[in-house]
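Enquirer:
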Amino acid sequence: MSLISTATTDVVVVYDCARTLLSVSHEPTLIHAAAEAYFRLLSSQSDNKVRLIILDRLHELCASQRHMMVSFVMDILHSLASADADLDVRSKVLDLVIGLLTTQNVEKAVLYLKNEVSETMDSVHEMAYEYYLVLVETIHACAVEYPSVAGLVMHILLDFLVYGGDIASASDVIMFVRDVIGTDPLLRVSVIVRLVDLLSFIQDSFICSCALWILGEYSFSLSEVRRAISTIMRTLGDQPFNDVSEKSDESIFDCTPTSGLLDCTHSLRFLIMSGDFHLAAVVACTLTKLVLRLEEVEANKASAESLLIMVSMLQLGKSSYLPHPIDNDSYDRIVFCVRLLYSTDYDHARKVWLLPCRQSFTKMLAEKQSRKKNDKMKVEAQNAHAHTDDSIDFYHLVSRSGMGQLIELEDEFQDDLKAVTGEFKDADDANKLNRPIQLTGFSDPLYAEGFVTVNQYYDTVLDITVMNRTQGTMHNLCLEFATACKNAVLERSPKYTVAPNASEQIQANIKVSSSNVGIIMTRIVYETSDEMGTSEVILKDMNISIADYMTPATCNDVAFRRMWAECPWKVKMKVNTLLQDEKAFVNFIIKSTNMNCLTPLSALDGDCGFVAANLYAECVWRACFGEHQHREAAVQL
1 MSLISTATTD VVVVYDCART LLSVSHEPTL IHAAAEAYFR LLSSQSDNKV RLIILDRLHE
61 LCASQRHMMV SFVMDILHSL ASADADLDVR SKVLDLVIGL LTTQNVEKAV LYLKNEVSET
121 MDSVHEMAYE YYLVLVETIH ACAVEYPSVA GLVMHILLDF LVYGGDIASA SDVIMFVRDV
181 IGTDPLLRVS VIVRLVDLLS FIQDSFICSC ALWILGEYSF SLSEVRRAIS TIMRTLGDQP
241 FNDVSEKSDE SIFDCTPTSG LLDCTHSLRF LIMSGDFHLA AVVACTLTKL VLRLEEVEAN
301 KASAESLLIM VSMLQLGKSS YLPHPIDNDS YDRIVFCVRL LYSTDYDHAR KVWLLPCRQS
361 FTKMLAEKQS RKKNDKMKVE AQNAHAHTDD SIDFYHLVSR SGMGQLIELE DEFQDDLKAV
421 TGEFKDADDA NKLNRPIQLT GFSDPLYAEG FVTVNQYYDT VLDITVMNRT QGTMHNLCLE
481 FATACKNAVL ERSPKYTVAP NASEQIQANI KVSSSNVGII MTRIVYETSD EMGTSEVILK
541 DMNISIADYM TPATCNDVAF RRMWAECPWK VKMKVNTLLQ DEKAFVNFII KSTNMNCLTP
601 LSALDGDCGF VAANLYAECV WRACFGEHQH REAAVQL
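Residue numbering for the sequence shown follows the numbering used here, starting at 1 and increasing by one per position.
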């Protein structure tokens with residue numbers, strides 16, 4: 001303790017003393033002393049490699065003593081102020097902070113990060129932009145985990161939609177903003193005002209579509225509606241669109257993203273002129289919703305201007321200027337908006353357009369929060385499965401008589417109780433029974449069957465049971481393996497002696513170095529006492545397929561859409577089935593493919609003759625190969 005507290009002590013000595021204290025005792029006083037020593041080293045050392053080592057030790061300390069390290073969150077954040085800290089060090093510091101946040105310290109931490117963002121935006125350092133991205137992602141993670149601080153950082157997150165440059169992170173942010181404005185009405189006004197200011201500078205189609213949807217659904221007051229309509233029309237530029245096609249190409253690309261942020265006042269126009277008619281349909285729907293909220297006198301003027309924009313979009317979609325015409329879905333959507341604005345029955349249109357969509361979104365958010373709460377309860381239930389006062393049974397130390405018999409009877413009773421209540425399940429045995437493969441015929445001198453077991457991370461285990469069906473003893477029996485598709489057997493099978501009508505269980509580990517289908521070719525070689533030389537039996541080939549080892553998993557909507565966009569193929573097929581209900585057939589697909597349904601169950605309700613659901617699963621090899629499986633099951637009777 002004296003060596004740690006002395007300022008003149010060598011750095012290596014302080015580091016070793018702190019590690020020694022943590023290894024010999026878990027007393028709170030010693031843990032605090034060791035943590036403070038690490039923090040002093042973290043702030044005093046200029047070598048970033050040394051800082052990374054110290055941060056690794058702090059990560060280990062937080063993993064084992066999180067409840068005691070929570071009070072050091074601000075001390076950890078102060079290490080970000082070091083001017084010579086590189087991006088790796090700062091990223092690791094922020095990861096450490098996220099794991100220590102609680103409802104008591106999250107507000108102070110977020111305010112500190114907010115100040116860091118302000119200083120970073122004013123900095124001219126070459127690493128400032130990358131550090132800004134990391135800071136905003138950290139703030140976003142804090143706001144997602146603790147929605148109470150969303151109001152403190154909402155403007156920073158909204159600015160990230162324009163200045164971020166990282167489309168994936170910006171997509172997550174706009175989806176988070178959408179959820180927040182649906183659950184926290186107090187933030188609605190500030191979010192709408194800021195979105196209107198930033199709409200002209202958003203240059204990504206998906207983010208712009210989400211921003212327009214938010215403006216169309218949550219612009220309630222007349223001033224908000226007027227500003228939103230004015231901004232959208234200003235961003236679209238002069239009408240009609242086909243006039244631009246007659247000009248030179250240079251005038252078309254004046255508002256491209258490469259021309260600078262401040263010059264992109266017509267970024268929405270550029271996206272539509274590039275052929276993004278899905279965005280054009282979103283613009284038409286947004287303008288329709290906003291016009292329906294205006295009073296009669298103002299609505300006539302706004303309706304006429306909106307109709308001009310929509311007709312110009314339709315004319316642009318049918319022109320030969322663009323490489324591909326407008327799709328039928330976007331065309332029908334825009335035409336529907338045109339017909340609705342021509343109609344005089346605004347009261348009925350308001351009921352259909354302004355209420356059900358927002359009500360469905362609110363219901364979806366409630367279901368999302370309910371699922372999140374249930375998942376959290378399941379995790380807590382698993383963590384609390386073993387209590388601190390549970391007894392530990394050492395069966396090898398149990399006596400064979402007296403009290404030992406009573407203990408054994410009690411253990412059997414507990415096992416029977418778990419079996420009856422469903423708490424006791426042996427998943428490995430169930431998997432083995434579900435995947436047996438017959439490897440030999442019934443006329444062969446020996447019978448063999450096996451199965452392939454995949455562990456959680458890397459290797460597979462080939463488990464084969466061999467039975468001697470002859471009346472003679474088989475000597476030096478062993479299995480010889482050969483694999484295809486970049487798979488390699490790690491160990492050779494030992495040699496066994498199998499008595500008549502006896503069996504032997506043989507295992508071999510296989511290193512999986514590819515996610516493709518692998519073929520295992522096997523033969524059994526043995527010797528008998530009445531024959532000279534060796535005999536062999538060729539076994540049936542065994543396949544290792546990644547599809548056989550998929551586990552249900554979850555992912556957010558943005559990640560699923562991103563993966564789905566990378567695989568734009570579709571397969572339509574006719575299926576003869578006895579099932580007459582679309583939802584029942586989707587459940588059959590989910591059960592057969594062992595995937596998780598990401599679509600809420602409430603979205604599958606109703607009777608319309610068509611059901612679409614998003615399915616997702618991950619492979620146990622994902623940690624090594626990043627393999628996942630996503631499907632969209634669309635069923636129509």
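Ideal placement from N, C-alpha and C gives every residue a C-beta, glycine not left out.
#1: Would Met74 be called buried (16 or more neighbouring beta carbons within 10 Å of its own) or exposed?
#2: With a cut-off of 8 Å, do at least 3 Cβ pairs link the stretch 175–195 to the stretch 358–366?
#3: Glu536 lies in the beta strand (DSSP E); which residues open and close that run?
#4: Out of Ser64, Val136, Val335, which has the shortest C-alpha to C-alpha gap to Asn115?
#5: Please give the ranges of any beta strand (DSSP E) in the stretch 260–292, keeping only runs that are unbroken, at least 3 residues long and fully inside the region.
#6: Can you say whether Asn576 is buried or exposed, counting buried as having 16 or more other CB atoms within 10 angstroms of its CB?
#7: Report the residue ranges of all beta strand (DSSP E) runs contained in full by the stretch 553–582; include only those spanning at least 3 residues, in chain order.
#8: From Val11 to Ile520, what does the alpha carbon distance come to, in whole angstroms?
#9: If we ignore side chains and look at the alpha-carbon of each, how far apart do Tyr496 and Leu446 end up?
#10: Would Asp463 pass as a contact of Val537 if the rule is Cβ separation under 8 Å?
#11: So which of Asp329, His266, Lys351, Val144 has the shortest CA-CA distance to Thr288?
#12: In the DSSP assignment, what are the bridge partners of Met521?
#13: So what's Glu295 in DSSP terms, helix, strand or just coil?
#14: Pull up the distance between the alpha-carbon of Asn587 and that of Ser123, whole angstroms please.
#15: Is it buried or exposed, Tyr342, if we count other Cβ atoms within 10 angstroms and call 16 or more buried?
#16: From the beta carbon of Leu30, is the nearest beta carbon of chain C less than 8 Å away?
#17: Count the other CB atoms, across all protein chains shown, that sit within 10 Å of the CB of Met233; report buried if there are 16 or more and exposed otherwise.
#18: Please name the residue in Gly237, Leu439, Asp84, Ser190 whose C-alpha comes closest to that of Leu158.
#19: Could you tell me which of Asp276, Met313, Leu195 sits nearest to Glu224, measuring between CA atoms?
#20: In whole angstroms, give me the CA-to-CA distance for Lys92 and Glu119.
#21: With 16 other CB atoms within 10 Å as the buried threshold, where does Gly422 fall?
#22: Helix, strand or coil: how does DSSP classify Asn468 here?
#23: Buried or exposed for Val420, please, with buried defined as at least 16 other CB atoms from any protein chain shown within 10 angstroms of its CB.
#24: Taking the Cβ atom as the reference point for each residue, do Leu111 and Thr138 lie within a distance shorter than 8 Å?
#25: What runs of the alpha helix (DSSP H), each 4 residues or longer, lie entirely inside the stretch 148–185?
#26: Distance check for Asp238 and Leu308, CA to CA, integer angstroms please.
#27: With DSSP run on the structure shown, which of helix, strand or coil describes Tyr38?
#28: Between Arg19, Ile53, Cys285, Tyr129, which lies nearest to Leu354 when the distance is taken from Cα to Cα?
#29: Suppose you measure from the CA of Val639 to the CA of Leu52; what does that come to, to the nearest Å?
#30: So the candidates are Tyr15, Gln471, Ala508; which of them puts its Cα closest to the Cα of Cys478?
#31: Between which residues of its own chain and Arg469 is the CB-CB distance below 8 Å, once the five residues before and five after are set aside?
#32: For Thr497, report the span of its beta strand (DSSP E) as first-last.
#33: DSSP has Ser503 in a bridge; who is on the other side?
#34: In angstroms with no decimal places, state the Cα-to-Cα distance between Glu449 and Asp88.
#35: With distances taken between CB atoms, is the gap from Ile167 to Asp204 smaller than 8 Å?
Expert: Let me lay it out:
#1: Position 74 of the sequence shown holds residue 74. Exposed is the call here.
#2: Contact holds: three or more Cβ-Cβ distances are below 8 Å.
#3: For this step, residue 536 is matched to residue 536 along the sequence shown. Unbroken beta strand (DSSP E) run through Glu536: 535–538.
#4: As a working mapping, residue 115 is identified with position 115 in the sequence shown. That would be Val136, whose Cα lies nearest to the Cα of Asn115.
#5: none
#6: Numbered from 1 along the sequence shown, position 576 holds the residue referred to as residue 576. By the neighbour-count rule (16 or more Cβ atoms within 10 Å), Asn576 is not buried but exposed.
#7: none
#8: For the purposes of this step, residue 11 is taken as the residue at position 11 of the sequence shown. For the purposes of this step, residue 520 is taken as the residue at position 520 of the sequence shown. Using only the alpha carbons, I get a separation of about 55 Å.
#9: Stepping through the sequence shown from its first residue, residue 496 is reached at position 496. Stepping through the sequence shown from its first residue, residue 446 is reached at position 446. Using only the alpha carbons, I get a separation of about 14 Å.
#10: Start at 1 with the first residue of the sequence shown, and residue 463 comes out as number 463. Start at 1 with the first residue of the sequence shown, and residue 537 comes out as number 537. Cβ distance not < 8 Å, so Asp463 and Val537 don't count as in contact.
#11: As a position in the sequence shown, residue 288 is number 288, starting the count at 1. Minimum Cα distance to Thr288 is reached at Lys351.
#12: Mapped onto the sequence shown, residue 521 falls at position 521. Met521 is bridged to Ala482.
#13: If you number the sequence shown from 1, residue 295 lands on position 295. Reduced to three states, the DSSP call for Glu295 is coil.
#14: Taking the first residue of the sequence shown as position 1, residue 587 is located at position 587. Taking the first residue of the sequence shown as position 1, residue 123 is located at position 123. Going by the C-alpha atoms only, they are around 54 Å apart.
#15: Within the sequence shown, numbered from 1, the residue matching residue 342 stands at position 342. Tyr342 is exposed by the Cβ-count criterion.
#16: Annotation note: the requested chain C is absent from the structure, which comprises a single protein chain.
#17: One-based indexing of the sequence shown puts residue 233 at position 233. The residue is buried, with at least 16 neighbouring Cβ atoms inside 10 Å.
#18: On the sequence shown, residue 158 is found 158 positions in, with the first residue counted as 1. Considering only alpha carbons, the answer is Ser190.
#19: As a working mapping, residue 224 is identified with position 224 in the sequence shown. Residue Leu195 is the option with its Cα nearest to Glu224.
#20: As a working note, residue 92 is residue 92 in the sequence shown. As a working note, residue 119 is residue 119 in the sequence shown. Roughly 20 Å between the two C-alpha positions.
#21: On the sequence shown, residue 422 is found 422 positions in, with the first residue counted as 1. The pLDDT assigned to Gly422 is 47, lower than 50, so where the model puts this residue is not dependable, and the model offers no usable value.
#22: Translated into the one-based positions of the sequence shown, residue 468 becomes position 468. The answer is strand: DSSP assigns Asn468 an E or B state.
#23: Your numbering for residue 420 matches position 420 in the sequence shown. In this prediction, Val420 scores a pLDDT of 48, lower than 50, which makes its location untrustworthy; the coordinate-derived value is nonetheless stated afterwards. The residue in question, Val420, is exposed, as its Cβ has fewer than 16 Cβ neighbours within 10 Å.
#24: Position 111 of the sequence shown, counted from the first residue, corresponds to residue 111. Position 138 of the sequence shown, counted from the first residue, corresponds to residue 138. Cβ atoms of Leu111 and Thr138: not closer than 8 Å.
#25: Fully enclosed alpha helix (DSSP H) runs of 4 or longer: 150–163, 167–183.
#26: Walking along the sequence shown from the start, residue 308 turns up at place 308. Walking along the sequence shown from the start, residue 238 turns up at place 238. Roughly 10 Å separates the two Cα atoms.
#27: Counting from one through the sequence shown, the residue named residue 38 turns up at place 38. Looking at Tyr38 - three-state DSSP - the assignment turns out to be helix.
#28: Within the sequence shown, numbered from 1, the residue matching residue 354 stands at position 354. It is Cys285 whose Cα lies nearest to the Cα of Leu354.
#29: For residue 639 there is no data in the structure shown, the boundaries of the chain being 1 and 637.
#30: By 1-based counting over the sequence shown, the position of residue 478 is 478. With distances taken between Cα atoms, Cys478 lies closest to Ala508.
#31: Residue 469 sits at position 469 when you count from the first residue of the sequence shown. If we look at Arg469 and ignore the five residues flanking it on each side, its Cβ neighbours are Asp444, Pro445, Leu446, Tyr447, Asn501.
#32: What you label residue 497 is simply residue 497 of the sequence shown in a count that begins at 1. Here the beta strand (DSSP E) through Thr497 covers 496–498.
#33: Start at 1 with the first residue of the sequence shown, and residue 503 comes out as number 503. According to DSSP, Ser503 bridges with Met467.
#34: On the sequence shown, position 449 is the one that residue 449 refers to. On the sequence shown, position 88 is the one that residue 88 refers to. Glu449 and Asp88 have their C-alpha atoms spaced approximately 51 Å apart.
#35: Translated into the one-based positions of the sequence shown, residue 167 becomes position 167. Translated into the one-based positions of the sequence shown, residue 204 becomes position 204. Against a cut-off of 8 Å, the Cβ pair of Asp204 and Ile167 comes out as a contact.
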